[in-house]
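Each number in this note's numbering comes from the position in the sequence shown (counting from 1) with 577 added on.
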Amino acid sequence: MEIDPQSFGQTAVYKLLIGCVVPRPIAWVSSVDADGVRNLAPFSYFMAITDDPPTIAFSSSLRGERGAERTKKDTLRNVEATREFVVNVVDDALAEPMNLTSGDY
């Protein structure tokens, strides 16, 4: 099967990619901006990279559709400004609170 990503909107491409890996772990990333404002946001692009040294990664895509103005998410801006963040792992008990943090605030 061949898929031309240019023929889909950004949201459709995102859903296609996250559907390729299941079950999909979610990183709940906490960060603070330069003024001390806290942020907590879920990221579905999250993976183990290597065990030596122990390394994990998350990826923050830009907001908005391709072709329109795309902006950085708060987490990415915070990490670029402070160089600090914490990746938290979500268990079943935190699934609903984590979902609440996925909105725009």
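Beta carbons are placed, not taken as given, at the ideal position from N, Cα and C, and that holds for glycine.
Counting the other Cβ atoms within 10 Å of the Cβ of S679 gives fewer than 16, which makes it exposed. The bridge partners DSSP lists for L593 come to none.
In the structure shown, R640 adopts extended strand secondary structure according to DSSP, grouped into three states. Note on the region 603-659: whole alpha helix (DSSP H) runs with a minimum of 4 residues are 651-659, in chain order.
Between T652 and V606 the beta-carbon gap is near 5 Å, inside 8 Å, which marks them as a contact. Of all alpha-carbon atoms in Q587, I580, A670, the one lying nearest the alpha-carbon of A645 is that of Q587. For L677, the enclosing alpha helix (DSSP H) covers residues 672-677. In the DSSP assignment, V598 falls outside any beta strand (DSSP E) and carries neither an H nor an E.
Of the residues assessed, V663 falls on the exposed side of the cut-off, its CB having fewer than 16 other CB atoms within 10 angstroms. Using a Cβ distance threshold of 7 Å, A604 and F635 count as a contacting pair.
With a beta-carbon spacing of about 24 Å, P602 and F585 fall beyond the 8 Å limit used to define contacts.
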